[in-house]
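Protein chains: 2
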Amino acid sequence: MSTQSRRERERAERERAIVAAARDLALTEGWDAVTTRRLAAEIEYSQPVLYSHFKGKDAIMAAVAVEGFGELATALASARASAADPRQAVADVAAAYTTFAEQRPALYDAMFTLAVDLPFASQGVPTDLARGFAELAEAVRPAAGDDDLEAVTETFWSGLHGLVTLMRSGRLRRTDHDRRLAVLVARFSR
Amino acid sequence: MSTQSRRERERAERERAIVAAARDLALTEGWDAVTTRRLAAEIEYSQPVLYSHFKGKDAIMAAVAVEGFGELATALASARASAADPRQAVADVAAAYTTFAEQRPALYDAMFTLAVDLPFASQGVPTDLARGFAELAEAVRPAAGDDDLEAVTETFWSGLHGLVTLMRSGRLRRTDHDRRLAVLVARFSR
DNA sequence: ACAGCGATGCTAGCGGTGCTAGGGTTGCTG
DNA sequence: CAGCAACCCTAGCACCGCTAGCATCGCTGT
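Line by line, the protein sequences give chains A and B. Going from the first sequence to this note's numbering is simple: count from 1 and add 120. Going from the second sequence to this note's numbering is simple: count from 1 and add 120.
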């Protein structure tokens, strides 16, 4: 009994170590550097051990992404909470979103561009994702007008996502980011 | 002289075949299926031949993307030209953009999400890319107001890009696409 | 206390990737 | 016709994600 629970604890700890190693490696050297061999070396186990915890590399990336959803939701919530007025809330939430993506590019990629088989329909993903989405929705609600709030939120989100990805891939000059953000915010406030 | 020109002609033709094979393969089976070995088999030459034409696989993808820029620009231009009024022009251009991305996903990926080392600062890329960008700019010009036209255009573009990528990766339900597009268009018309 | 057994994590390897070194063969040139 | 240069292929490198099979370790029932 006691030994089994210790086993389970060690196993859980090791799983945590895998996700942490993947995240750190991705943050410092990019996802290309995250290979199963390096990951195994990092946690000081052999490769097959990874597969006793996760179905494959994609699942590991998904686990990293899940962490990101929680952090993003928190960042958006705190940005909206500290905003002076509804109009400012849109601006602050938008800035928080792009800042998050800019400062944790590897995390953002795992969340929104790379991992396709994310467990969208299970566990805590929908919860944290919904939390983040809800923050966006509340921010733009005053500007929704007659439009469906969900559609407006999704479109606003798309705008932020587009700004981030096009800038990150070099299609948009980083220097004009604030100006573009202001344009987007203006179109989704008032 | 004559034989040399024939050589060059054959060489150019082979290069064209490589790009065409890459494009066809990507369109029908996705970029994952585009390997240097399959590409070589497709053009009935050995792998190293590819490297006498292109620096690497990325360069081949970039060549495919270049074709895409031209087609996208043409599609946007024709959409804008046939629009009844300025307001409709925004809607038509936006629809043309998302339709292009939806119908040629592999091409769109090569253009905007995958190939990073695109020759943005050389050859015909800027030309076609600028053509497409100009179409977007002209469409949203009436709605720019006091905002910088370039910033407005880039933001509008980001919105379209975000809608397309989030929908393609399963983050947005495809069924609500028209509604979201209408929201975006409304925010960039008037 | 010990034999047996089940879980665990290792080594080794498979089929695949992008890319390249080296050598033949081919065909033009003097 | 000899020599040479361009061309292209075979073979292989180092790496990838992933897995089969075995050895070892530690718990369990007698």
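Heads up, the beta-carbon is just placed ideally off N, CA and C, and yes, glycines get one too.
How far does the alpha helix (DSSP H) with residue i in it reach, from first residue to last?
i: Glu-164(B); result: Run containing Glu-164(B): none; DSSP gives neither H nor E here.
i: Trp-277(B); result: 269-288
i: Arg-299(B); result: 297-307
i: Arg-200(B); result: 177-201
i: Phe-220(B); result: 206-223
For residue i, is the classification buried or exposed, using 16 other Cβ atoms within 10 angstroms of its Cβ as the cut-off for buried?
i: Tyr-171(A); result: exposed
i: Met-121(B); result: Residue confidence for Met-121(B) is low, a pLDDT of 47 falling below 50, so the modelled location carries little weight and cannot support an answer.
i: Arg-315(A); result: Nothing in the structure corresponds to residue 315(A), since chain A is present only between 121 and 310.
i: Asp-266(A); result: exposed
i: Thr-155(B); result: exposed
i: Ser-202(A); result: exposed
i: Val-303(A); result: buried
i: Arg-136(A); result: exposed
i: Asp-212(A); result: buried
i: Thr-295(B); result: exposed
i: Asp-229(B); result: buried
i: Ala-306(A); result: buried
i: Gly-311(A); result: As displayed, chain A neither begins before 121 nor continues past 310, which places residue 311(A) out of reach and without an answer.
i: Gly-176(A); result: exposed
i: Arg-131(A); result: exposed
i: Arg-129(B); result: exposed
i: Ala-69(B); result: No answer is possible for residue 69(B): it lies beyond the span of chain B, which begins at 121 and ends at 310.
i: Ile-138(A); result: buried
i: Ala-204(A); result: exposed
i: Ala-161(A); result: exposed
i: Arg-127(A); result: exposed
Under 8 Å between the Cβ atoms of residue i and residue j?
i: Ala-235(B); j: Met-181(B); result: yes
i: Leu-283(B); j: Leu-301(B); result: yes
i: Leu-196(B); j: Tyr-217(B); result: yes
i: Gly-279(A); j: Thr-275(B); result: yes
i: His-281(A); j: Phe-220(A); result: no
i: Glu-187(A); j: Arg-143(A); result: yes
i: Ala-277(B); j: Leu-256(B); result: For the sequence presented, residue 277(B) should be read as Trp rather than Ala. Closer than 8 Å, so yes.
i: Ala-264(B); j: Val-272(B); result: yes
i: Leu-145(A); j: Arg-157(A); result: no
i: Arg-224(B); j: Ser-309(B); result: no
i: Gly-252(B); j: Phe-189(B); result: yes
i: Asp-268(A); j: Arg-288(B); result: no
i: Val-184(B); j: Leu-227(B); result: yes
Could you list which residues in chain A have their beta carbon closer than 8 Å to that of residue i, in chain order?
i: Arg-158(B); result: Neighbours of Arg-158(B) on chain A: none; closest Cβ ~22 Å, over 8 Å.
i: Arg-143(B); result: Here the premise fails: no neighbours, minimum Cβ distance about 20 Å.
For a contact defined as C-beta to C-beta under 7 Å, what are the partners of residue i on chain A?
i: Leu-192(B); result: Correct list: empty, because the minimum Cβ distance to chain A is about 13 Å.
Using a C-beta to C-beta distance shorter than 7 Å, which residues of chain B count as neighbours of residue i?
i: Leu-292(A); result: Glu-274
Can you list the residues of chain B that residue i reaches, using a CB-CB cut of under 8 Å?
i: Leu-196(A); result: Ordered by position in chain B, no residue passes the 8 Å Cβ test against Leu-196(A), which lies about 16 Å from the chain.
i: Leu-170(A); result: Under the 8 Å cutoff, chain B gives no residues; its nearest Cβ is about 22 Å from Leu-170(A).
Cβ closer than 9 Å: which chain B residues qualify as neighbours of residue i?
i: Leu-147(A); result: Ordered by position in chain B, no residue passes the 9 Å Cβ test against Leu-147(A), which lies about 19 Å from the chain.
For the ligand NAD, I want to know if residue i counts as a neighbour, meaning its beta carbon is within less than 7 Å of at least one of the ligand's heavy atoms.
i: Asp-152(A); result: With respect to the ligand NAD, the structure offers nothing, as it holds no ligand at all.
Near-chain A residues of the region 255-284 of chain B (beta-carbon distance less than 8 Å), N- to C-terminal order
Taking a C-beta cut-off of 8 Å against chain A, the contacting residues of the region 255-284 of chain B are Asp-267, Asp-268, Glu-270, Ala-271, Val-272, Glu-274, Thr-275, Trp-277, Ser-278, Gly-279, Leu-280, His-281, Gly-282, Leu-283, listed in chain order.
Check each residue of the region 297-310 of chain A: if its Cβ is closer than 9 Å to any Cβ of chain B, include it; give the result in chain order.
From the region 297-310 of chain A, only Arg-299, Arg-300, Leu-301, Ala-302, Val-303, Leu-304, Ala-306, Arg-307, Phe-308 have a Cβ closer than 9 Å to chain B.
When Cβ atoms are compared, which residues of the region 204-233 of chain B fall closer than 9 Å to chain A?
Look at the region 204-233 of chain B: the residues with a C-beta under 9 Å from a C-beta of chain A are Phe-232, Thr-233.
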